[in-house]
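A.B. asks:
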Amino acid sequence: MTIRIPPIQCLLTFEALARLRSVTQASEELCVTPSAVSHRIKQLEQILGTKLFGRADFSLTTEGSEYLAHVREGLATLQKFPSSAATPGRRKLRLAVTPTFARSILLPRLKQFSEAYPEIDLTLQVSIPLLDVVAEDADLMIRFGTGRYADVEHVCLMKDDITPLASPAFAREHGPFDAPEDLEGVPLLRSPLEPWRTWFAAHDLDWPEPVDGSQFNDIGLMCDGAAAGMGVALVRLKLAAPWLEHGTLVPLYERHVPSPHAHYLCWRTGTMDRWECAAFAEWLKKSLS
0 MTIRIPPIQC LLTFEALARL RSVTQASEEL CVTPSAVSHR IKQLEQILGT
50 KLFGRADFSL TTEGSEYLAH VREGLATLQK FPSSAATPGR RKLRLAVTPT
100 FARSILLPRL KQFSEAYPEI DLTLQVSIPL LDVVAEDADL MIRFGTGRYA
150 DVEHVCLMKD DITPLASPAF AREHGPFDAP EDLEGVPLLR SPLEPWRTWF
200 AAHDLDWPEP VDGSQFNDIG LMCDGAAAGM GVALVRLKLA APWLEHGTLV
250 PLYERHVPSP HAHYLCWRTG TMDRWECAAF AEWLKKSLS
């Protein structure tokens, strides 16, 4: 029989809420959001298979009172052991992530994760898809590709649509772009991460893959190049969000084409046995859904 030990942050939250009987006060003491407090209590009750609090005033149930005594005893015991390294209760999580996904998708959301899980110290390491540059010691990896990864377990995080983007000045100078054929003769920025043939085929253009012009191995750099007026970039809309929001890039066409690739969260067998890895994976999937 496998016994699942509740995460320490759930036990700390349970003890604080039982003592303060206020979600707001517990969240302030633990430096997390009120929703994080509620989520942790729900998670703890699911693990234990019993209700710990009454519905109205956070009074403890009989089972909750009994469990609180054990939790306080256990926390008191843990506090007796000094830590010469990190703060007691803190966990380390190393994430290898592609540069533009980190810049456009992950970083704007990371504050929410830190508020929900202040015990987890997250280390971000850069991975480069085409060169297979991945930190060997990473716990979790975000890869961009077809999803056929035999060496790791994985789950699809995010699909996206591609469309040609350019700077407003470039669009005015070289436009109008009313039909797909209007791209003929226009400088096309290239990246092996997002070949033009996908967009060409979707618009019934029998054009070969461009072989001339500037090439980028990083989508963020290609967006910067397009924003600087170097040409038209074929970019995924979600990754291009910062440039679109700031108006440095604009779509040339209304129609968007599904990218044949996607972003995947990958891990080695056994990694999800660590609660910090499972917690991050669950949080990331929800934040992108």
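Sequential numbering of the sequence shown, starting at 0, is according to numbering that gives the first Met the number 0. Think of the CB as a built atom: it goes at the ideal place given N, C-alpha and C, for glycine as much as any other residue.
Residue range of the beta strand (DSSP E) that Pro163 falls in?
C.D. replies: Counting along the chain, the beta strand (DSSP E) containing Pro163 begins and ends at 160-165.
A.B. asks: Starting from Lys91, trace the alpha helix (DSSP H) in both directions and tell me its first and last residue.
C.D. replies: Here Lys91 belongs to no alpha helix (DSSP H); instead the beta strand (DSSP E) covers 90-96.
A.B. asks: What residues in its chain sit with their C-beta under 8 Å from that of Pro175, if we drop five residues either side in the sequence?
C.D. replies: Same-chain partners within the cutoff: Asp181.
A.B. asks: Along the beta strand (DSSP E) that carries Ala101, what are the first and last residues, could you check?
C.D. replies: Segment: none, Ala101 is in no beta strand (DSSP E) and carries neither H nor E.
A.B. asks: Roughly how many whole angstroms lie between the Cα atoms of His38 and Glu114?
C.D. replies: Going by the C-alpha atoms only, they are around 12 Å apart.
A.B. asks: Report the partner residues of Cys155 according to the DSSP bridge assignment.
C.D. replies: Partner(s): Tyr263.
A.B. asks: On the three-state DSSP scale, how would you describe Gly144?
C.D. replies: Gly144 falls in the strand class under three-state DSSP.
A.B. asks: Below 7 Å CB to CB, which residues in the same chain sit around Leu59 once its five sequence neighbours on both sides are set aside?
C.D. replies: The answer, listed in chain order, is Ala17, Leu51, Phe52, Leu67.
A.B. asks: Determine the direct distance from the alpha carbon of Ala278 to that of Glu65, and round the result to whole angstroms.
C.D. replies: Spanning the two alpha carbons is a distance of roughly 27 Å.
A.B. asks: Below 8 Å on the Cβ atoms is my contact criterion, and I expect Asp217 with Pro98 to pass it. Report the Cβ-Cβ distance as a whole number of Å.
C.D. replies: Yes, Asp217 and Pro98 are in contact; Cβ-Cβ is about 6 Å, under 8 Å.
A.B. asks: Within 10 angstroms of its Cβ, does His69 collect 16 or more other Cβ (buried), or is it exposed?
C.D. replies: When all chains shown are included, His69 counts as exposed.
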